[in-house]
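Read through the structure below, which is laid out as structure tokens, and then see the notes.
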Amino acid sequence: MGIDRRKFLTIAGLTAAAAIGKKTLGDSLTADTRELLPKDESLVGKRWAMIFDIKKCLHKDGCTVCMDACHQIHNVPDFGNKKDEVKWIWKEPFEHALPDNESPYLEEEFKDKPVIVMCNHCDNPPCVRVCPTQATWKREDGIVMMDMHRCIGCRYCVAGCPYGSRSFNWRDPRPFIKNENPEYPTRERGVVEKCDFCAERLAFGLQPRCVEVCPEKALKFGDLEDPESEVRQILHDNFAIRRKPGLGTNPQVYYLV
Amino acid sequence: MYDAWKIIGGIIIFLVLITGPTWYDMASGKADYKPNPKIVTTEKNCVMPTEYMKESHMKLLDEWRNSVVRDGKRIFTSFDGKQYNMSLVNTCMKCHPNKSEFCDECHNYSAVGQPDCWNCHIEPEETK
């Protein structure tokens, strides 16, 4: 004797109701205790960008304050040779950094002069396209972010980046970090690293470290989607150039000359 | 059975050798050893109830990692309503700076001795 139609439907209905009830109850319990709240004082932007004033920077000859400060707080190792070099922000001669902007008269003034360069946080980042593990991706606020936990060290991004902004850790960086910042992780051998616009500082309402420490205030950081922002004003009032714009990467580090 | 005493003798020797370490551990009391992670903090509560932390701290750390790195969300509201910065070194290790007595105690016992967190995250210096 099987069960009749009425009994079957009753049991099926009750089971379904119990399952749904349990699921929603469970969800609300976890949501209750584990809810993530956005931090009030964090800097939130829609299109972060950096503006770099070359003339202001050149006021101070041989200044490396921004580079030193960045590399110190981010535990960037110094291997002491070019081959293994790891860098987040560094200097390139003008004609290397901005090769598309040739003009014999401009070069007279800027030739061989150092220009500060870093990751351009491109709107169309080639490094992101080639990453096979999505260890690097573009955040909604425009920052091209790295997830060291996912990086498998294939170095496609190093090949993909036309600005040389990515460094590979050929060796264990730990022994080569002077003055370690214990609050920020180091990297390990076999991962790629680069500037991330100080995402960890923005989350707590702080400007990127290089902007903060520059003695000439040659670096400005802000949200280009915000029409009232300082960076928008600067770009409105001044002529700015970018590195290799012809490649279509739409870099978001602007240079005032 | 030919050479029965050789075969049986061999089996006995084999069994003694293979189970020897277990008998030795039981005799020396090592088998009864239970890890006892030392808690040095004066805080009353962790970010989640102790039972949950014992069982699932690795899941919590995974969630924290993904939330911070992938979603940029860094604030965790604990089960008792407090807010914490989701950070292994800057939050967990502030209460548990004794990695060798706290983390390693169980991790060594359960033979998951070397989680690769510490390849990059800097463990607090322990004063002995």
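Protein chains in written order, with the numbering used here: chain R, 971 to 1227; chain S, -7 to 120. Cβ atoms here follow ideal geometry from the backbone N, Cα and C, with glycine treated the same way.
- Taking 7 Å as the cut-off between beta carbons, the residues of the stretch 1151 to 1172 of chain R near chain S are 1152, 1153, 1155, 1156, 1157, 1158 and 1169, in sequence order.
- DSSP places residue 1116(R) in the strand class (E or B) of the three-state scheme.
- No Cβ of chain S is located within less than 7 Å of the beta carbon of residue 1193(R).
- Contact of residue 1207(R) with chain S is not assigned, every C-beta pair being separated by 7 Å or more.
- Put simply, the backbone Cα of residue 25(S) is about 24 Å away from that of residue 89(S).
- Cβ contact annotation for residue 1205(R) (same chain, cutoff 8 Å, sequence separation greater than five): 1021, 1194 and 1224, in chain order.
- A straight-line Cα-Cα distance of about 16 Å links residue 1227(R) and residue 1030(R).
- Residues of chain S whose Cβ lies closer than 9 Å to the Cβ of residue 1118(R) are, in chain order, 61 and 112.
- Only buried fits residue 1106(R), as 16 or more other CB atoms lie within 10 angstroms of its CB.
- The beta carbon of residue 1080(R) sits closer than 6 Å to the beta carbons of 1064 from its chain, once the five residues preceding and following it are set aside; these are given in chain order.
- Residues of the stretch 30 to 45 of chain S with a C-beta atom less than 9 Å from some C-beta of chain R are 40, listed in chain order.
- The residues 1159, in chain order, have a CB closer than 6 Å to that of residue 1142(R) in the same chain once the five nearest residues on each side in sequence are set aside.
- Contact between the stretch 21 to 39 of chain S and the stretch 83 to 103 of chain S is present: 3 or more CB-CB pairs across the two stretches fall below 8 Å.
- In this chain, the beta strand (DSSP E) harbouring residue 1212(R) covers 1210 to 1212.
- Following the DSSP letters along the chain, one finds residue 111(S) in no beta strand (DSSP E), marked with neither H nor E.
- Residue pairing by DSSP places residue 1137(R) opposite 1163(R) in a beta bridge.
- Judged by their CB atoms, residue 1132(R) and residue 1068(R) are not nearer to each other than the 7 Å cut-off.
- Taking 7 Å as the threshold, the shortest C-beta distance from residue 82(S) to chain R falls below it.
- In the three-state reduction of the DSSP assignment, residue 1192(R) falls in the strand class, which pools E and B.
- Closest option to residue 115(S), judged by alpha-carbon separation, among 1154(R), 978(R) and 1221(R): 1154(R).
- For the pair residue 1188(R) and residue 990(R), the Cα-to-Cα distance works out to about 59 Å.
- Contact check between the stretch 1136 to 1150 of chain R and the stretch 1040 to 1058 of chain R: three or more CB pairs, one atom from each, fall below 8 Å, which counts as touching.
- Taking a Cβ-Cβ threshold of 9 Å, none of the residues of chain S is close to residue 976(R); the smallest such distance is about 44 Å.
- Taking every protein chain shown into account, the CB of residue 1181(R) has 16 or more other CB atoms within 10 angstroms, so this residue is buried.
- Taking all protein chains shown into account, residue 1035(R) has fewer than 16 neighbouring C-beta atoms within 10 Å of its C-beta and is therefore exposed.
- Within the same chain, Cβ atoms closer than 8 Å to the Cβ of residue -7(S) are found at -1, the five residues on either side in sequence being excluded.
- The secondary-structure analysis by DSSP pairs residue 1107(R) across a beta bridge with 1115(R).
- Residue state for residue 54(S) is assigned as helix, using DSSP reduced to three classes.
- Per DSSP, the unbroken beta strand (DSSP E) holding residue 1019(R) starts and ends at 1018 to 1023.
- Closer than 7 Å at the C-beta level to chain S, one finds these residues of the stretch 1098 to 1130 of chain R: 1109, 1117, 1118 and 1119.
- Contact between residue 1221(R) and residue 1090(R) holds: CB atoms are separated by about 3 Å, below the 8 Å threshold.
- Counting along the chain, residue 1058(R) sits inside no beta strand (DSSP E), nor does DSSP assign it H or E at all.
- The shortest C-alpha to C-alpha distance from residue 59(S) to any of 78(S), 104(S), 9(S) and 20(S) is the one to 78(S).
- Separation of the CB atoms of residue 1117(R) and residue 61(S) is rounded to 5 Å, and the pair is thereby assigned contact status at 8 Å.
- Sequence-distant partners of residue 56(S) (beyond 5 residues in either direction) whose C-beta falls short of 6 Å from its own C-beta, in its chain, are 78.
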